[in-house]
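Some notes on the structure that comes next.
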């Protein structure tokens, strides 16, 4: 009996001690809502910083934090694209604190589309200002007040900016530049992004000198509703219309978005710079459960635009800032000799996995299509451009291309050796490209104040590069030789195994395929304390290129036809701060 009484006493004592321990802790609950859409925010990380208690909001935006010790604490609310909230709290014994509804404001802002973002090989192009926004006041002013020609952040061009869509790097393997035209005109969609400046820490990539811009197409995170806008401009186009509908996250776990825009103009601010562009976006989200969701995205944004070029001070003083030497009158219409076209659809499939301490984002992207740029060329004839240095003395009298004269020259070749061949002609530099990218990023919390970010991506690009006649300007054919390089007194052939006389649609000058493959991996550790944050990151990239020549060029008979030696580049990067 004595033994039983002792056992009961011990159980009673343990129960009292355990109950007392439980009643010395507190509970915090609340609901997170988007300020603009008034919709609940799911997957938001809510943390009691000093005691490392973490929870993510459910589909209704609610969170419940239990077993919080009494005393002073910091409640931190953090989610990408929204302002981070830090609330100081003082909890008393056994307190249940109900915070009610907490509104979060989306940091993304929409920049007016100041002008067309061109596909260009110009090293002075720095288009990131147009499609990015920042909390930095100085960079905001630059984006609004300067174009890509007149300002580059710290003198760097667009190759030093990394642009991602759902984690997929959108930079070309050929020139390292983001393919901005592939999603231009979709401002209602590209506003949902996460931006890092300079070499600051990024959770999804190693980064770049000018920072990163990660566009998020998860429709469940976009503002619900219909938005229609229209504008008039006197810059690169005259009219613009855009319509976007976001369904928001529905009860069945589905969300979808559709956005379309049209921009047009017979002439922009500069003479004869026509503009014709259409953009279409569609995406679907499906919430499998609290931890898994998938997203499918399709973007189609074809465009056609007339080009201009730099002019001399003399031409500027005579004709003004709107002068463009690339055009001339033809049948009472302004004809621009340089037209750029872009048509490369983009398909994306992404999977998002999120737990209390970790997340994995995996995406597959496929982009395909064609981009081209036309130009006026000449063979054994005077340079037709009025801004050519030998023509500057007569530029006041002949300020534009004389299309009628070019036709007359081509139609009057009967008495020369290469009768019927084009002395003047329009041709296009063309790139047909197919790129597939696979990317996966893993983020996890190792312990309190220590975070690990890792990622790996593989990109494979195959492109077909060539030139082709677009308009022979009245001539019968184009003689595919290089008149500036002679062998035994005769111009060398660009295509030894093919015919010399080429017609519209045939390939001329050069013709090769380029194979590129890139493997990239990065790892990053973040240390966070109450007093300071610190990170260290490393990056490895392996890139290989191989050329497959389709022409046997007489100037390079030993190595122009067939596959070249594969060139491989290994690069490493380290940063910390």
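Residue numbers (this note's numbering): 1 to 577. Ideal placement from N, C-alpha and C gives every residue a C-beta, glycine not left out.
Asked: Sequence-distant residues of its chain with Cβ nearer than 7 angstroms to residue 69 (five each side left out); Found: 25, 51
Asked: Contact check, residue 219 vs residue 283, beta carbons under 8 angstroms; Found: yes
Asked: Beta-carbon gap between residue 453 and residue 203 smaller than 8 angstroms; Found: yes
Asked: Of the residues 456, 414, 60, 191, the one placed nearest residue 524, counting alpha carbons only; Found: 456
Asked: Straight-line Cα distance separating residue 269 from residue 320; Found: 12 angstroms
Asked: Minimum C-alpha distance to residue 338 - residue among 347, 428, 459, 86; Found: 428
Asked: As assigned by DSSP and simplified to three states, the class of residue 2; Found: Only weak support exists for where residue 2 lies, its pLDDT of 42 falling under 50; the coordinates are left without a value.
Asked: Helix, strand or coil at residue 157 [DSSP, three-state]; Found: coil
Asked: Alpha-carbon to alpha-carbon, residue 168 and residue 255; Found: 21 angstroms
Asked: Residues of its chain near residue 85, where Cβ-Cβ distance is below 6 angstroms and the 5 sequence neighbours each way are ignored; Found: 77
Asked: Nearest residue (CA-CA) to residue 335, options 299, 289, 401, 364; Found: 401
Asked: For residue 436, three-class secondary structure by DSSP; Found: strand
Asked: Endpoints, beta strand (DSSP E) assigned at residue 29; Found: 25 to 34
Asked: Residues of its chain near residue 80, where Cβ-Cβ distance is below 6 angstroms and the 5 sequence neighbours each way are ignored; Found: 194
Asked: Spatial neighbours of residue 570 in its chain, beta-carbon cut-off 6 angstroms, leaving aside the 5 residues before and after; Found: 542
Asked: Whole-angstrom C-beta distance between residue 512 and residue 585, which should lie under 8 angstroms; Found: Because the chain here runs from 1 to 577, residue 585 falls outside it and cannot be looked at.
Asked: Same chain, Cβ closer than 8 angstroms to residue 224, neighbours up to 5 away in sequence not counted; Found: 37, 39, 246, 247, 248
Asked: Residue 162 to residue 43 span [Cα, whole Å]; Found: 26 angstroms
Asked: Alpha-carbon spacing of residue 214 relative to residue 438, whole angstroms; Found: 16 angstroms
Asked: Whether residue 285 touches residue 295 by CB criterion (8 angstroms); Found: yes
Asked: Contact check, residue 303 vs residue 276, beta carbons under 8 angstroms; Found: yes
Asked: Segment contact flag, the stretch 456 to 470 with the stretch 508 to 522, C-beta cutoff 8 angstroms, min 3 pairs; Found: yes
Asked: Pair within 8 angstroms by beta-carbon distance, residue 567 and residue 560; Found: no
Asked: Burial state of residue 386 (16 or more Cβ within 10 Å); Found: buried
Asked: Straight-line Cα distance separating residue 471 from residue 33; Found: 59 angstroms
Asked: Proximity winner among 370, 369, 200, 351, relative to residue 361 (alpha-carbon distances); Found: 351
Asked: Close beta carbons around residue 156, own chain, < 6 angstroms, minus the five adjacent residues each side; Found: 209, 210
Asked: Through-space distance from residue 71 to residue 117, alpha-carbon basis; Found: Unreliable placement is indicated for residue 117, whose pLDDT of 36 sits below 50; the coordinate value is still reported in the next sentence. Each residue's alpha carbon lies about 55 angstroms from the other.
Asked: Length of the line joining the Cα atoms of residue 15 and residue 528; Found: Bear in mind that a pLDDT of 42 at residue 15, under 50, signals an unreliable position, so the model cannot answer this.
Asked: Bridge partner(s) assigned by DSSP for residue 371; Found: 342, 431
Asked: Same chain, Cβ closer than 7 angstroms to residue 508, five either side skipped, listed in chain order; Found: 427, 467, 468, 469, 478, 480, 494, 502
Asked: Close Cβ partners of residue 238 (< 6 angstroms) along its chain, the five nearest in sequence each way excluded; Found: 265
Asked: Three-way DSSP call (helix, strand, coil) for residue 456 in this model; Found: strand
Asked: Contact check, residue 35 vs residue 104, beta carbons under 8 angstroms; Found: yes
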